[in-house]
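Engineer:
4 protein chains.
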Amino acid sequence: MSHNTFGHLFRVTTWGESHGPALGCVVDGCPPGLRFKLEDIQAWLDKRKPGQSRFVTQRREADLVKVLSGVMLDADGETMTTTGTPIAMTIENTDQRSKDYGEIARQYRPGHADYTYDVKYGIRDYRGGGRSSARETAARVAAGGIARLVVPNMKVHGALVQIGKHKINRQNWDWDQVNQNPFFSPDAEIVPVWEEYLDGIRKNGSSIGAVVEVVAEGVPAGLGAPIYAKLDQDIASLLMSINAVKGVEIGNGFGAAEITGEENADEMRMGNDGKPLFLSNHAGGILGGISTGQPVIARFAIKPTSSILTERRSIDADGNNVDIRTKGRHDPCVGIRAVPIGEAMVACAIADHYLRDRGQTGRLK
Amino acid sequence: MSHNTFGHLFRVTTWGESHGPALGCVVDGCPPGLRFKLEDIQAWLDKRKPGQSRFVTQRREADLVKVLSGVMLDADGETMTTTGTPIAMTIENTDQRSKDYGEIARQYRPGHADYTYDVKYGIRDYRGGGRSSARETAARVAAGGIARLVVPNMKVHGALVQIGKHKINRQNWDWDQVNQNPFFSPDAEIVPVWEEYLDGIRKNGSSIGAVVEVVAEGVPAGLGAPIYAKLDQDIASLLMSINAVKGVEIGNGFGAAEITGEENADEMRMGNDGKPLFLSNHAGGILGGISTGQPVIARFAIKPTSSILTERRSIDADGNNVDIRTKGRHDPCVGIRAVPIGEAMVACAIADHYLRDRGQTGRLK
Amino acid sequence: MSHNTFGHLFRVTTWGESHGPALGCVVDGCPPGLRFKLEDIQAWLDKRKPGQSRFVTQRREADLVKVLSGVMLDADGETMTTTGTPIAMTIENTDQRSKDYGEIARQYRPGHADYTYDVKYGIRDYRGGGRSSARETAARVAAGGIARLVVPNMKVHGALVQIGKHKINRQNWDWDQVNQNPFFSPDAEIVPVWEEYLDGIRKNGSSIGAVVEVVAEGVPAGLGAPIYAKLDQDIASLLMSINAVKGVEIGNGFGAAEITGEENADEMRMGNDGKPLFLSNHAGGILGGISTGQPVIARFAIKPTSSILTERRSIDADGNNVDIRTKGRHDPCVGIRAVPIGEAMVACAIADHYLRDRGQTGRLK
Amino acid sequence: MSHNTFGHLFRVTTWGESHGPALGCVVDGCPPGLRFKLEDIQAWLDKRKPGQSRFVTQRREADLVKVLSGVMLDADGETMTTTGTPIAMTIENTDQRSKDYGEIARQYRPGHADYTYDVKYGIRDYRGGGRSSARETAARVAAGGIARLVVPNMKVHGALVQIGKHKINRQNWDWDQVNQNPFFSPDAEIVPVWEEYLDGIRKNGSSIGAVVEVVAEGVPAGLGAPIYAKLDQDIASLLMSINAVKGVEIGNGFGAAEITGEENADEMRMGNDGKPLFLSNHAGGILGGISTGQPVIARFAIKPTSSILTERRSIDADGNNVDIRTKGRHDPCVGIRAVPIGEAMVACAIADHYLRDRGQTGRLK
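Which chain is which? The protein sequence lines are L, R, Y and X, in order.
Each residue of the first sequence is one higher than the last, beginning at 1 in the UniProt record's numbering.
Each residue of the second sequence is one higher than the last, beginning at 1 in the UniProt record's numbering.
Each residue of the third sequence is one higher than the last, beginning at 1 in the UniProt record's numbering.
Each residue of the fourth sequence is one higher than the last, beginning at 1 in the UniProt record's numbering.
This is the structure in structure tokens:
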């Protein structure tokens, strides 16, 4: 069972609500002997941090991560070495605006988990979304920071490739652009288009969906397993576990439905270096559930948040019809901040399969 | 770990290769007291069975399922009652064409798992695809037959909604049509279009992708769990575990990326019967990972098989460049037979969450 | 996998080392709607707390538990209600004596995990035993405090029944005595015997083993499952996971090897209240892995700690022969403090099976 | 969850009842490239087979094992090589005596799982014990046959060390004796004592308990993990899952409660070969949950079967008091046949931890 845990040999358990004192995670199964500094993990949290542009929620959180276990500190007081024991990390909640939740506590916001939580549990922490708040994803990003250390030479990076109907031009793809704009766009040309479009969305108090693409490079061939432990299956599972995600693709994805076997299958040749070479990567780096050694490519679709200013019809916990308008902090495109979260999930899935394949102890790496 | 097992309280383990004596599954966790006849399970296998039209592989398999454990037989010699112990089912392989696999044994077919299996395991059963053969899905369909019994009044049905670029007209959707044509199409009008198109594909020895949609009706609200045991996450995981699947969507799916919060969120009102009523189902029956009580809707994309007549570039296990043409039985659109397989996966995922929610013993249902 | 996690529907993950800033646990799967105060959990930690008599380690820890998530606080500021989300609890380490670990860092104490940790991980936190410190059990006891709430009317209590060769007289068993002496002895008469014996052990800087018995009353019939999810199996697994435990028994235990079927099997009769009645409880409340409704009875043996003042032969990490004497805080009978830990483990195992049987949501209890 | 499955990387799922057509198991996670003949597995089943002396049940079963998947056959038609895919094995039930189960179907035999199965499931296969029959252990022994292949140079062997109050003399221990007598006794001198004693038990229609010891040699140091994946914990769990087992010990076991730290801890010295050497093995080859490289030693107690000729008081499913006498095949000491079963469980636990430590693919061994 895995209500709040994922992974098998690299296991992550997260906990915490939007308005509790803190949230965090326990990363279990990290191999011993990996070395890092706190700032290496913090960097990923900074990338996900709210309030960094007018296009994302204005909640202000420092999101400073602490490591409470699982490491030994060098004499420099900075460098940590993993010991193979569980790594507990916490992040304090600081910007929990106190307000009167009276109404919201009983009303079901359309498109939110309010109704289903109440049906399932008969009780729900309505403050800021409680457990279903996107704040939970801070813990994922921290865990992903550890996962990135597990597979030597792996690089996992992501980009926003679509907002609403506006898709990037893939010809313009430039990884260096991704951190140069508030959207993680790899296409510099689309940035002004998205800015104008999102300003309109924002001013209307509306919201819009998006698509994120994550690419993992340096993934060795042979990770994953056929049938029910496919690498792509586990990536799909974790991406689908992110709040608001409604679709996941690997490689050609739904595009594969539209093309022929000739077009879709990746041919091979021996490379000049005497190593097998794929001549294309329609498969997204995974065949039969097992990595090919090519970049692993995944995409996922994020729905628009339903926290909008327009009044919407709903009901409350007492069975009354009500009309709801979500006031307060507003996030016109939650897909933007999903980029580092998607990266973290892909990194964790690959780290898990790396350890399944290689085993869990340092001496055999 | 779950290399060949999926599910938690409703657990399915499958085994068997294309060219072994048999394949099968063990369904563990099925509640006691469910009653069925063998023909109830066989019906689903018949739906998946190869050789039923010119548009699918011509392998001939009776695919007769046997139940070896987990049930008690009524005096009528037909009706079985589950006892709560594991249900083992087997299906014999009968049409294992003997042929010389000499070349294939050493060559990697582009787009197949041949190369990745060899990288991972250093050995692979090349006969008919071995474990990566789609024959494994017969065991899934048998397990799905049991899963369908677990949730009272649940109906899981699927349809093919796209072949290549030819999509159905959703206005024409008629569930009664699905079993009236060789494609499981819910749109009678597209059938001749698909026939002509696929005949072309077939005559060229080519192949084409497809999209399947599965709808589960009668799913009670409250199944699933937030964060890492989302119902949609587990459905996505299982659909992605089917051979050749490259993308999965829930509800609006990737379409949700293109619309606003106003368009996407499902409003609610109290129904005349005093029960909560959703006014639309963009969410595909799941909010925050938990079922809403509306139909659960999932779609998945199947790539075209890479077993095609056109010669393709590849390598062999000895590091030589080779050119491969797949002779023998040929499947122009593997997506067609994926319909009952997708149904089985969705049924199993929901059954698992039903038992997590309700517990596993008969007396408390 | 479960390196630092146990349980399935009631899942506990612990983390933390002896000399880190804190240790803690995440309790996942606790049903919603359970109500408790912090002092209810703290009480169990107080029972386990070190330094309460001269017969246990003199480390001084307040062992104050904090609840960071998974609950909503009543207006009284004290009463908490579980929400069904993960309950994170932490306990700070306060008495981490700074000392020079120079020698110990490289030497393997005989009977400790020093050598095996180094073989496995190639690195080990030698400060106070690191992860293998008995401080980890504080997190278990906190988790057990939650587990005790899960099964209505269940009472789990334990007692020390043997120190060295000195066994209690079971005729004298009086639960009210258990908290009246520093040994959790149910037999008042043996207390002076144990005191004198342990004073001798303590003064010699030696140590001695012990046996603990745990009894769970109010366990409903029908918990557990046959074959590989037996209730006794899971209790045995958790008791054996406690540091220094070398043996586990259910009911008659090893005594069952010595008697006949006539003596061992528990006969039944219908009770005057129309309910089934067992006439004895040799089985320890479990038959075929499933609870009978009688008290569940488990015992476990704890070895003497190998941290003793007598010089012992060993080696160091560089392959030199060394002679080791363990200085510092000394625990003549670690078995004493194992009583509340054993209780916690039994409570957790039963809570897990209760939820497997009944399901996880509040509405169906 | 693991109702009928155990292990993580080396996973075994068993199925089947006493009176169904067959029983079997699926072994998942076996590494590729292991070579064996069917007779290698059959040999272990033959050791467990009923009817081999007057001291065990007279049921006659050939217990011939078949391998249905997961292997490729050599040209010799005999040698199999594992491929890394699941190995399904079946064993047919042939001696299912037809008889009238009318009374037994409704009556609860004291000391059996009849009552608890009915409480839990509301239905039970009363024929020959159904799922709770010791026939299930044939599947364990087959799985153990595969497990023995996983760890290179590991030898797992067991012996009966106690029947009733009659213990072997450990001074006489001689492994070569074990297969020379019908009891798997390592002590030739006790054989006539046991024969006479058991003949008495058998003639009275009574039964008696026993203790089995299993020793695994050639277990590399470093297997297992601290806290909740201790090697001894997993061994204890699997031994306790065997029918009728009521107690489990590792190394000194309950004896460790009676001795001092000086006596119990195993001292070390560097050996002449430059390798670490333990001077004793009180720990039973496991420290802190991790193997030391010494032989792993486990013992378990088996209760006497409650199927005896003496009339016993009980109730039936309708709430009537009844008196029961178990007619038919009778097993005076079920502990004897538990020897190969215990060996299989220990082998499986070690194989699982070996793979967790080393990973699952052939290329890294």
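Glycine included, each C-beta is placed from N, C-alpha and C at the ideal position.
Could you check what DSSP says for V191 (chain L) in three-state terms: helix, strand or coil?
Structural biologist: For the purposes of this step, residue 191 (chain L) is taken as residue 191 along the first sequence, with counting starting at 1. In this structure, V191 (chain L) counts as helix in the three-state DSSP scheme.
Engineer: Count the C-beta pairs between the stretch 252 to 265 of chain X and the stretch 307 to 322 of chain X that are closer than 8 angstroms, then say yes if the count reaches three, no if not.
Structural biologist: Flag = no, the stretch 252 to 265 of chain X and the stretch 307 to 322 of chain X do not touch.
Engineer: So, helix, strand or coil for F10 (chain X), using DSSP?
Structural biologist: Residue 10 (chain X) sits at position 10 when you count from the first residue of the fourth sequence. F10 (chain X): coil per DSSP, three-state reduction.
Engineer: Does DSSP put G362 (chain L) in a helix, in a strand, or in coil?
Structural biologist: The count along the first sequence starts at 1 and reaches residue 362 (chain L) at position 362. Because G362 (chain L) carries a pLDDT of 49, less than 50, the predicted location of this residue cannot be relied on, and the following value inherits that uncertainty. Helix.
Engineer: Along chain R, which residues have their Cβ under 8 angstroms away from the Cβ of M268 (chain L)?
Structural biologist: Taking the first residue of the first sequence as position 1, residue 268 (chain L) is located at position 268. Per Cβ cutoff of 8 angstroms: Y108, P110, Y115, R313, S314, I315.
Engineer: Contact between the stretch 334 to 352 of chain X and the stretch 236 to 245 of chain X: three or more CB pairs below 8 angstroms?
Structural biologist: yes
Engineer: Using beta carbons (cut-off 8 angstroms, strictly below), is D352 (chain X) in contact with chain L?
Structural biologist: For the purposes of this step, residue 352 (chain X) is identified with residue 352 of the fourth sequence, where counting begins at 1. No - not a single Cβ of chain L is within 8 angstroms of the one on D352 (chain X).
Engineer: Against V26 (chain X), what residues of chain R qualify as contacts under a CB-to-CB distance less than 8 angstroms, listed in chain order?
Structural biologist: Here residue 26 (chain X) corresponds to residue number 26 of the fourth sequence, with the count starting at 1. Near V26 (chain X) (Cβ distances below 8 angstroms), the residues of chain R are N4, T13, W15, V26.
Engineer: Just verifying my parser: in three-state terms, what is the DSSP assignment at K275 (chain R)?
Structural biologist: Taking the second sequence and counting its residues from 1, one reaches residue 275 (chain R) at position 275. Correct three-state label for K275 (chain R): coil.
Engineer: Who are the Cβ neighbours of A139 (chain R) in its own chain at under 6 angstroms, not counting the five residues just before and after it?
Structural biologist: Translated into positions along the second sequence, residue 139 (chain R) becomes position 139. So the list reads T14, L23, G24, C25, once near-sequence residues are dropped.
Engineer: By the three-class DSSP mapping on this structure, what secondary structure does Q42 (chain R) have?
Structural biologist: Residue 42 (chain R) sits at position 42 when you count from the first residue of the second sequence. Helix at Q42 (chain R).
Engineer: Indicate whether at least one CB of chain X lies closer than 8 angstroms to the CB of R337 (chain L).
Structural biologist: What you label residue 337 (chain L) is simply residue 337 of the first sequence in a count that begins at 1. For R337 (chain L), no Cβ of chain X is located within less than 8 angstroms of the residue's own Cβ.
Engineer: Quick check on the burial criterion: 16 or more other C-beta atoms within 10 angstroms. Buried or exposed for P192 (chain L)?
Structural biologist: For the purposes of this step, residue 192 (chain L) is taken as residue 192 along the first sequence, with counting starting at 1. Exposed: under 16 other Cβ atoms inside 10 Å.
Engineer: Would you tell me roughly how many angstroms separate the C-alpha atoms of M72 (chain R) and V119 (chain X), rounded to the nearest one?
Structural biologist: Translated into positions along the second sequence, residue 72 (chain R) becomes position 72. Translated into positions along the fourth sequence, residue 119 (chain X) becomes position 119. The alpha-carbon atoms of M72 (chain R) and V119 (chain X) are separated by roughly 18 angstroms.
Engineer: DSSP three-state label for M1 (chain L), please.
Structural biologist: Start at 1 with the first residue of the first sequence, and residue 1 (chain L) comes out as number 1. In this predicted model, M1 (chain L) has a pLDDT of only 45, less than 50, meaning its place in the structure is not dependable; the value taken from the coordinates is given anyway. Three-state DSSP puts M1 (chain L) in coil, outside helix and strand.
Engineer: Alpha carbon to alpha carbon, how far is P332 (chain X) from V141 (chain X)?
Structural biologist: What you label residue 332 (chain X) is simply residue 332 of the fourth sequence in a count that begins at 1. What you label residue 141 (chain X) is simply residue 141 of the fourth sequence in a count that begins at 1. Approximately 21 angstroms, taken between the alpha carbons.
Engineer: Check L223 (chain X) in the structure and name its three-state DSSP category.
Structural biologist: For the purposes of this step, residue 223 (chain X) is identified with residue 223 of the fourth sequence, where counting begins at 1. Looking at L223 (chain X) - three-state DSSP - the assignment turns out to be coil, as it is neither helix nor strand.
Engineer: Distance cutoff 8 angstroms, beta carbons only. Does Q233 (chain Y) sit that close to anything in chain X?
Structural biologist: In the third sequence, the residue the question calls residue 233 (chain Y) occupies position 233. By this cut-off, Q233 (chain Y) is an interface position.
Engineer: Once you ignore the five residues that flank S53 (chain L) on each side, which residues in its own chain have a CB closer than 7 angstroms to its CB?
Structural biologist: Working through the first sequence from its first residue, we reach residue 53 (chain L) at position 53. Excluding sequence neighbours, S53 (chain L) sits near P182.
Engineer: Please name the residues in the stretch 292 to 313 of chain X whose beta-carbon is closer than 7 angstroms to at least one beta-carbon of chain C, in chain order.
Structural biologist: In the displayed structure, chain C is absent; the protein chains listed are L, R, Y and X.
Engineer: I'd like the span of the alpha helix (DSSP H) that includes N264 (chain Y), first residue to last.
Structural biologist: Along the third sequence, one-based indexing puts residue 264 (chain Y) at 264. Element bounds for N264 (chain Y): 261 to 264.
Engineer: List the residues of chain L that A22 (chain Y) touches, going by C-beta distances under 7 angstroms, in chain order.
Structural biologist: Numbered from its first residue, the third sequence carries residue 22 (chain Y) at position 22. Correct list: L68.
Engineer: State yes or no: is the C-beta of R131 (chain X) within less than 8 angstroms of the C-beta of E17 (chain X)?
Structural biologist: As a position in the fourth sequence, residue 131 (chain X) is number 131, starting the count at 1. As a position in the fourth sequence, residue 17 (chain X) is number 17, starting the count at 1. Yes, Cβ-Cβ distance for R131 (chain X) and E17 (chain X) is below 8 angstroms.
Engineer: Out of L:A298, L:F6, L:G209, L:G285, state which residue places its alpha-carbon closest to the alpha-carbon of H166 (chain L).
Structural biologist: Along the first sequence, read from residue 1 onward, the residue named residue 166 (chain L) stands at position 166. The shortest C-alpha separation from H166 (chain L) is found at L:G209.
Engineer: Assign S314 (chain R) to one of three DSSP states: helix, strand, or coil.
Structural biologist: Within the second sequence, numbered from 1, the residue matching residue 314 (chain R) stands at position 314. Strand.
Engineer: Quick one: using the 10 Å Cβ neighbour count with 16 as the cut-off for buried, is K246 (chain X) buried or exposed?
Structural biologist: Here the question's residue 246 (chain X) lines up with position 246 in the fourth sequence. Buried is the call here.
Engineer: Considering Cα atoms alone, identify which of L:R337, L:A338, L:T305 is closest to R325 (chain L).
Structural biologist: The residue you call residue 325 (chain L) lines up with position 325 of the first sequence. Relative to R325 (chain L), the option among L:R337, L:A338, L:T305 whose CA is nearest is L:T305.
Engineer: Between V119 (chain R) and chain L, is any beta-carbon pair separated by less than 8 angstroms?
Structural biologist: Here residue 119 (chain R) corresponds to residue number 119 of the second sequence, with the count starting at 1. Taking Cβ atoms only, chain L reaches closer than 8 angstroms to V119 (chain R), which makes this a yes.
Engineer: Starting from the C-beta of L364 (chain Y), find all residues in its chain whose C-beta is less than 8 angstroms away, skip the five residues before and the five after it, and write them out in chain order.
Structural biologist: As a working note, residue 364 (chain Y) is residue 364 in the third sequence. Interpretation of L364 (chain Y) is limited by its pLDDT of 40, a score under 50 that renders its predicted location unreliable; the figure taken from the coordinates is listed afterwards. The residues are R358.
Engineer: Grab me the residues of K230 (chain L)'s own chain with a C-beta within less than 6 angstroms of its C-beta, minus the 5 sequence neighbours each way, in chain order.
Structural biologist: For the purposes of this step, residue 230 (chain L) is identified with residue 230 of the first sequence, where counting begins at 1. Cβ neighbours of K230 (chain L) within its own chain (closer than 6 angstroms, five residues either side excluded): G224, G289.
Engineer: Rounded to whole angstroms, what's the CA-CA distance from F278 (chain L) to A88 (chain X)? Just pull it up for me.
Structural biologist: The residue given as residue 278 (chain L) occupies position 278 in the first sequence. The residue given as residue 88 (chain X) occupies position 88 in the fourth sequence. A88 (chain X) has its alpha-carbon roughly 35 angstroms from the corresponding atom of F278 (chain L).
Engineer: Would you say G29 (chain X) faces chain R, with C-beta separation under 8 angstroms as the test?
Structural biologist: Counting from 1 along the fourth sequence, the entry for residue 29 (chain X) is found at position 29. It does: the Cβ of G29 (chain X) has a partner Cβ on chain R nearer than 8 angstroms.
Engineer: Using a Cβ cut-off of 8 angstroms, pull out every chain R residue sitting near D125 (chain X), in sequence order please.
Structural biologist: In the fourth sequence, the residue the question calls residue 125 (chain X) occupies position 125. Under the 8 angstroms cutoff, chain R gives M72, T83, T85.
Engineer: Out of R:I190, R:I163, R:G164, which has the shortest C-alpha to C-alpha gap to W173 (chain R)?
Structural biologist: By 1-based counting over the second sequence, the position of residue 173 (chain R) is 173. Cα-wise, what sits closest to W173 (chain R) is R:I190.
Engineer: Which term fits D187 (chain Y), buried or exposed, when burial requires 16 or more other beta carbons within 10 angstroms of its beta carbon?
Structural biologist: Against the third sequence, residue 187 (chain Y) aligns to sequence position 187. That one is buried.
Engineer: Going by C-alpha to C-alpha distance, which of L:F36, L:P110, L:A43 sits closest to E267 (chain R)?
Structural biologist: Counting from 1 along the second sequence, the entry for residue 267 (chain R) is found at position 267. Of the candidates L:F36, L:P110, L:A43, the residue whose Cα lies closest to the Cα of E267 (chain R) is L:P110.
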